[in-house]
Structures are given as structure tokens and as C-alpha cells.
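So the structure is just underneath, and the comments pick up after that.
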Amino acid sequence: MKTANTAAGSGKNSNTFQSSRSRRFKSGLVGWLFVAAAVILIAAFYFYPMIQALILSFQTGTGINMKFNGLGNYQRLFTDKIFLTAVTNTFIYLLFQVPLMIILAMFFSVLLNDRNLKFKGFFRTAIFLPAITSLVAYSIVFKYLFAPDGLVNAMLMNIHIINAPIQWISDPFWAKVTIIIAITWRWTGYNMIFYLSGLQNIDQSIYEAARIDGASAVRQFFSITIPLLKPIILFTSITSTIGTLQLFDEVMNITKGGPGNATTTISQYIYNLSFKYSADFGYAATVSYSIVIMIIILSFIQFKVAGDRNA
Amino acid sequence: MLKAKRASMYLFLSLAAFVSIFPFFWMIVSATNQSVDVTQGRLIPGSHLLDNLRNLTSSVDIWNAMGNSAKISITTTILAMLIASLAGYGFEIYRSKAKDIVFSILLLSMMIPFAALMVPLYRMFGKITNFFPTFGIDTPAAVVIPTFTTAFLIFFFRQSTKMFPRELLEAGRMDGLSELGLFFRIYLPTMKTTYAAAAIITFMSSWNNYMWPLVILQSPENQTIPLLISNLGSGYAPDYGMIMMAIVISTVPTALVFFLMQKHFVAGMVGSVK
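Chains as they are written, first to last, in the working numbering: chain A, 619 to 929; chain B, -5 to 268.
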């Protein structure tokens, strides 16, 4: 790898009388100028607010009347029923939705990677299509499709899978199922694209060699495909986990967090605490930090489970 | 045996394609039907397209919301391209140990959920409102400013810059271009496809952004399209035909971007993993 100094130092200003030290300083400075705007903006709109949130998380009160509350907010987390429900809901989504989606995405990508498949382009575009919709727009569409007198119930009753309409939105159990179906619909095709590109990078001769050695298709999948797709599995599971921990648009627009708090998520609870109830910014910041910590822990676990970073 | 396997493959894929496309089909068909027909599950196009459009435009100012969204998304995309590509280029071309450390710190920001930033950012813009009302709460500028720079995009440009042929820069220096000149005259035109991919991702996510506009925009005339749709959808006696019309309209720009630039779109998504 060429270093910055040699790359920039051979510029037209590299007069022989200019000391190499000042040149090095200059090229270093130029580099910093290129990155300065981005660094300042990220510092101002990500790191500075996080420091503010940390300070807020030890305070209580509303609006500008904030006072120090020690660890009070953090203690409150453990006895706060809504918070605990929101965490439980978020983890239920995580546990069922992420694996379901990743398995489906992998499954479809393996089918689509078949060399003799016809209409490949159509299938790929069709399955990817949900990813172009806005989260709000598709949530509203799903809310109506899954209404008690909606099309999904009508279809299921027509083919006699159910006798009475399922309360997709207003039953605590089915409401969670609806949210999981919705997110899976929206993101499976998106994740599938990553697996497809991963599969295309696998050298076909590996499979041919395995076939000659008499490995079955299932064996090939588990011994070749999965290990070679590991970085993609890691990438998609981390991004999906972070996405699910931040789930907001869907619950706001499909169920509003209800019935009761059966589908509410941590993000929605932060929003409610800050802008719907009595602007409890201090406690909202405390809840925010709980998601940050969860994201860090889960990403760390996923890296560990997937083995070394560069796998 | 092999035939059965083939058949089940097509069956699975057709089912998946059906499930993926059906909501689009339903949404478009419903936009042409009366509300009452939609509730009765009518799945054939009707003749109420124009009625629905008339009802929609007379009850909400959807064109204003589309305009707001367009303004915000286009500004966000232009600023994001400029700042993120300068940074991605800077981190890779003028590489140094200190910059690598700063870069890894920037990457940590990807782990910060927006919900955690929402409250402090809202307070920050509350203060800004007192001094610069045009950048404060309830302005399009406040939607753009904290969201356009993302570590993801900087990372994306840096990764793409690794493929950039540095000999071109040497040649440019010989021709007497300044360091900034090299970036604008040589790097930028060479990396068109990277910019296209990055612009698509940024435009899409900005167009669809919901949480921050919901927090920071308050007056109806500043509403973006997701806020308008969300409000329409939360009514108690929804006019389904009209709402589906609004959803179809709101999806047109992202659908166009997708279909016109499909290749770049996929390249953009996948490029970030490699």
C-alpha cells in the first residue's frame, strides 16, 4: 500500500528546497481537510448528542427544569413494566423474525442461483420489489390487508384454513405475528441480494469437485455454501439485528404498539416518553442507552459466534 | 425425481413472487376502486381512479408534501455525495495511522440507533431555533442537517476508492492540478458508477425517512410524504381508495429510481459488503 506521503509528496510543488518534513506536514494537512467536514458533522450529530444523552440519562424533570437524579433512571428501568414489555417484544421479533428471514433469503438465493432456472430475472426482481417501498407506505397497506374484514382473512376463510376471522391487529399474539410477517415481507428480498452476490463469487469448480467425490446436494450446501457465505451471513444478521432493535415505523403504523403494549418496541417507547407523554427526556435518554448497550452486546456475540472477523 | 425437484423449485419461487407482488397489485387496483369495493375485496381495476385522486387532492395537499420530500431528499443526496466522497477519498488516498483511528471511531456511529439521538438532537435544534430560525425546529433544513452524513456512506466511498487507479492522480499532478482539482477533475468523473449507487441508496432512505421528520416537523405545510401517509392511515373511517391512491403516488419516485437504475442499485447495496 502506497503511503499518503509518497502519493501527495510528488506533487508539482515538490521543489527540492522545500524540506521533506514540511512537505509531509502539508500532505497530512491536505488529507485532514478532505475528511474534516464529515468528521465534524458525525461528531456534532452522533457523538455529541450521545454525550448529551448520557448526561440526560442521569437527570429527571420536564422541559428545561432538569435536575440530577443519580442512578434513579437506571433503577426505574428494572421496575418499569412498559419498558420490560418493550424489551421482551423486541427480543421476540429478533428471535423469530431474523432467523426466519435469513433462512428464507438464503433459500431463495440458492434456488435463483441455479444455472438452468428460467425467468430468473423476473423472480429476482419480484422478490426484491418490497424493498423499494417506504416503511410507512407498506405498513399502512399491511394494516388494511390484515384488518379483521381484510383480504387476508377473506382469502384464508375462502380456502377453509380458518372458520372465523383472525384478529391480526387486535389480538396480542397475532399482532406480533402480523409485525413479523410484515418485516419479513419487506426485507427478505433485500437480504437475498447479498446472498446472491455471495453465491456468484463461489467458484463452480468447488461444487464439481464435491460432486465427483460423491457429496450430496444437502452435504454440498452445508459443507461448501454455508461456510463460504459466512461473511454474508454475519453481515445480514448484524444489520438485521440492529434494524430490529430499532423497529419503529411498522409498529407505529400497523398496531400503534397495541393492543395494550403487546407490540410496542423500545424505539417507540422512547418516542412516546419524549413526545407523546410528558416529555420525560431524562428517562427517555436512559432507555436509549439500553438499546445502545444491547446493540453492542449482540453485535459482539454475533462476531464471536461467526468466528474471526475476517472469516 | 429430478423433475419433481424442478417443479417444486418453480413452485416455491412462484409462491414467493406472488406474495411479494400481491400487495403492490392490491394497492394499485384499490387506488382505482371505491372504498366500499376495496373492503369487499374487489381485485379487478375499477373506474374510480380520478374520483380517488380528486378526493385525495381536496382533503390533503399531497403535491406540497411530495414537493417537500423532493426538496429534502435531493438536498440530502447532493450534500451526502459531496461530503461522504471527499471523506472516503481523503481516508484512503491520504492514508495515515491517525486517520485510520479516526475512521474506526466514525464507524462506531453506525451502531448508534436513531431513537437514541432523537431526544438530544431535538433539544439541540430547539436551541438553534432561538438563533437561526431557518435551521430550527419545523424547518426542512433541520431534517437534512443531522441526517445527510453517515459513516456508512463514507465507508462505502472508501471501499470503492480502493479500486481507484492511483496512477491517474500522478498523471494529474504532472499536469499541474491542485489536490482538490485532482478530486473534482479526475476522481469524481472516474467514479460515476459509485456515485450513482450511493446517490440511489441515499435518495431512497431520505425519501422514506419517517422518525426524524415526525419529531422535528410540526406544521402541516412542512409535512413530508411519509408523515402525510401515516396521518391518512391512522384515521378512523379510512377512505381506502383515496389512501391507496396516496400510497401509489408516494411510491412512484422510488419505483422509478429503482427500475431506471436497477444495476447501480444492486451494485450499491452489494458494494458495501465486499
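Built from N, CA and C at the ideal position, the CB exists for glycine as well. Here the structure is a predicted model, which means the values were calculated and not measured.
Query raised in the report: Out of curiosity, what's the CA-to-CA distance linking W912/A and S906/A?
Result: Here residue 912/A is Met; the residue named in the question, Trp, does not match the sequence. M912/A and S906/A have their alpha carbons spaced roughly 10 angstroms apart.
Query raised in the report: Between the C-alpha atoms of I798/A and I56/B, what's the straight-line distance to the nearest angstrom?
Result: In a straight line, the C-alpha of I798/A is about 30 angstroms away from that of I56/B.
Requested in this report: With 8 angstroms as the threshold, decide whether the Cβ of W201/B is near any Cβ in chain A.
Outcome: Taking a beta-carbon distance threshold of 8 angstroms, W201/B counts as an interface residue toward chain A.
Report task. Reducing DSSP to helix, strand and coil, say where G679/A ends up. Result -> Strand.
Query - Contacting positions in the region 205 to 226 of chain B - beta carbon closer than 7 angstroms to chain A - result: Going along the region 205 to 226 of chain B in chain order, one finds M205, V209, P220, I223 and S224 with a Cβ nearer than 7 angstroms to chain A.
Query raised in the report: Taking the alpha-carbon positions, what's the D898/A to K685/A distance?
Result: Each residue's alpha carbon lies about 12 angstroms from the other.
**Report entry** In DSSP terms, what K685/A is bridged to
**Finding:** Within the DSSP secondary-structure output, K685/A pairs in a beta bridge with T678/A.
**Report entry** Buried versus exposed, by CB contacts within 10 Å (16 or more), L174/B
**Finding:** Classification of L174/B: exposed, given that the 10 Å Cβ count is below 16.
Query raised in the report: Among F853/A, A827/A and I856/A, which residue has its Cα nearest to the Cα of I842/A?
Result: Answer by Cα proximity: A827/A.
Requested in this report: Tell me whether the beta-carbon of T751/A lies closer than 8 angstroms to the beta-carbon of T218/B.
Outcome: Result no, Cβ atoms of T751/A and T218/B do not sit closer than 8 angstroms.
Report task. May I ask which residues mark the beginning and end of the alpha helix (DSSP H) holding Q838/A? Result -> Its alpha helix (DSSP H) spans residues A835 to Q838.
Report task. Determine contact between the region 156 to 163 of chain B and the region 113 to 133 of chain B, defined as no fewer than three beta-carbon pairs at a distance below 8 angstroms. Result -> The count of Cβ pairs closer than 8 angstroms, one atom from the region 156 to 163 of chain B and one from the region 113 to 133 of chain B, stays below three, leaving the stretches out of contact.
Report task. Report the neighbours of A191/B on chain A: residues whose CB is nearer than 8 angstroms to its CB, in chain order. Result -> Residues of chain A passing the Cβ test: none, with the nearest at roughly 13 angstroms.
Requested in this report: Below 7 angstroms between beta carbons is the criterion; list the residues of the region 767 to 792 of chain A that meet it against any residue of chain B, in chain order.
Outcome: Those residues of the region 767 to 792 of chain A placed with their C-beta closer than 7 angstroms to a C-beta in chain B are D767, L769 and A772, ordered along the chain.
Query raised in the report: What runs of the alpha helix (DSSP H), each 4 residues or longer, lie entirely inside the region 852 to 922 of chain A?
Result: List check, alpha helix (DSSP H) in window: 884 to 889.
Query - Rounded straight-line distance, which links the Cα of L5/B to that of K(-1)/B - result: Pairing K(-1)/B with L5/B, the inter-Cα distance amounts to about 10 angstroms.
Query raised in the report: What in chain A is Cβ-close to G235/B, meaning under 7 angstroms?
Result: Within chain A, no residue comes near G235/B; the closest Cβ sits about 11 angstroms away, beyond 7 angstroms.
Requested in this report: Kindly indicate if chain B contains any beta-carbon less than 8 angstroms away from that of W803/A.
Outcome: At least one chain B Cβ lies under 8 angstroms of W803/A.
Requested in this report: Measuring only between beta-carbons, confirm whether F921/A sits less than 8 angstroms from chain B.
Outcome: So, not an interface residue.
Query raised in the report: By a C-beta neighbour count over all protein chains shown, 10 Å radius and 16 as the cutoff for buried, is Q677/A buried or exposed?
Result: Q677/A is buried by the Cβ-count criterion.
Query - For I824/A and R733/A, the rounded distance between their alpha carbons - result: Between the alpha carbons of R733/A and I824/A lies a distance of about 15 angstroms.
Query - Beta-carbon separation (whole angstroms), A191/B vs F259/B, contact threshold 8 angstroms - result: Here A191/B really is in contact with F259/B; their C-beta atoms are around 7 angstroms apart, less than 8 angstroms.
Report task. Can you grab the Cα-Cα spacing for the pair V251/B / I194/B, in whole Å? Result -> Whole-angstrom Cα-Cα distance: 7 angstroms.
**Report entry** Endpoints, alpha helix (DSSP H) assigned at V251/B
**Finding:** Start and end: Y234 to L254.
Query raised in the report: Can you name, in chain order, every residue of its own chain whose Cβ lies under 8 angstroms from the Cβ of L269/B, other than the five neighbours on each side?
Result: No answer is possible for residue 269/B: it lies beyond the span of chain B, which begins at -5 and ends at 268.
Query raised in the report: Roughly how many angstroms lie between the CA atoms of N202/B and L753/A, to the nearest whole one?
Result: Cα-Cα distance, rounded: 7 angstroms.
Query - Cβ pair R903/A, S675/A closer than 8 angstroms - result: The sequence shown places Ala at residue 903/A, not Arg. Yes.
**Report entry** For Q34/B, three-class secondary structure by DSSP
**Finding:** DSSP places Q34/B in coil when its eight states are reduced to three.
**Report entry** Chain-ordered residues of the region 105 to 135 of chain B with a beta carbon less than 8 angstroms from chain A
**Finding:** Cβ proximity to chain A below 8 angstroms picks out M105, I106, P107, F108, A109, A110, L111, M112, V113, P114, L115, Y116, R117 and M118 from the region 105 to 135 of chain B.
Query - Min CB distance Y813/A to chain B below 8 angstroms - result: It does not; no Cβ of chain B falls within 8 angstroms.
**Report entry** Contacting positions in the region 48 to 80 of chain B - beta carbon closer than 9 angstroms to chain A
**Finding:** Correct list: L76, I77, A78 and L80.
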